[in-house]
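K.L.:
One point on numbering: in numbering that gives the first Met the number 0, the residue at position 29 of the sequence shown is 28, and numbering is uninterrupted.
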Amino acid sequence: MGQPRFQVQNIAIAEDPKFPNPKPFVQADQLDVSVKLMPLFSKSIEIDSLKLQRPTVELVKNQLGLWNFSSLGANAPKASGSKSEFSLSELAIQDGLVAITDLQRKQPRTVY
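Next comes the structure, spelled out in structure tokens:
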């Protein structure tokens with residue numbers, strides 16, 4: 000039996016509203032995800048592969064030293080009495096950019 004796989008074109012993940020960044024946290028031309036089926040029945044997510052094509056990732060550190068990615072998954076729904084788990088076997092990024100803004104050190108946006 001094959002693993003569930005899906006592909007999304009022109010994806011964007013919005014920025015945490017607590018951060019003053021007008022750009023999305025992540026945007027990519029294409030996202031390709033393959034997950035393992037059996038762990039889903041026990042409320043675990045095991046991603047076999049995650050591939051981003053031409054992504055732009057905006058990393059922002061606020062004045063208090065907190066990064067914008069620190070709240071990822073914090074509001075994910077969880078079944079009562081169970082713990083959710085997440086694992087990633089392979090991450091591939093093709094032709095991407097990472098921009099870092101450090102408001103704590105007052106450093107402007109730098110793109111890599």
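Glycine included, each C-beta is placed from N, C-alpha and C at the ideal position.
For my contact list, L87 and V110 are in at a C-beta cut-off of 8 Å; report their separation, rounded to the angstrom.
P.N.:
About 25 Å; that fails the 8 Å criterion.
K.L.:
Please check the pair V34 and Q2, which I expect to be a contact at CB under 8 Å, by giving their CB distance rounded to whole angstroms.
P.N.:
6 Å
K.L.:
How long is the line joining the alpha carbons of D31 and G64, rounded to whole angstroms?
P.N.:
32 Å
K.L.:
So what does R103 bridge to, in DSSP terms?
P.N.:
The sequence shown places Gln at residue 103, rather than the Arg named in the question. None; Q103 has no bridge partner.
K.L.:
Drop a sphere of 10 angstroms on the beta-carbon of P54, count the other beta-carbons inside from all chains shown, and report buried for 16 or more, exposed for fewer.
P.N.:
P54 comes out buried.
K.L.:
Around the C-beta of A13, are 16 or more other C-beta atoms found within 10 angstroms, so that it is buried, or is it exposed?
P.N.:
exposed
K.L.:
From this set, S43, N67 and V59, which residue's C-alpha is nearest P107's C-alpha?
P.N.:
V59
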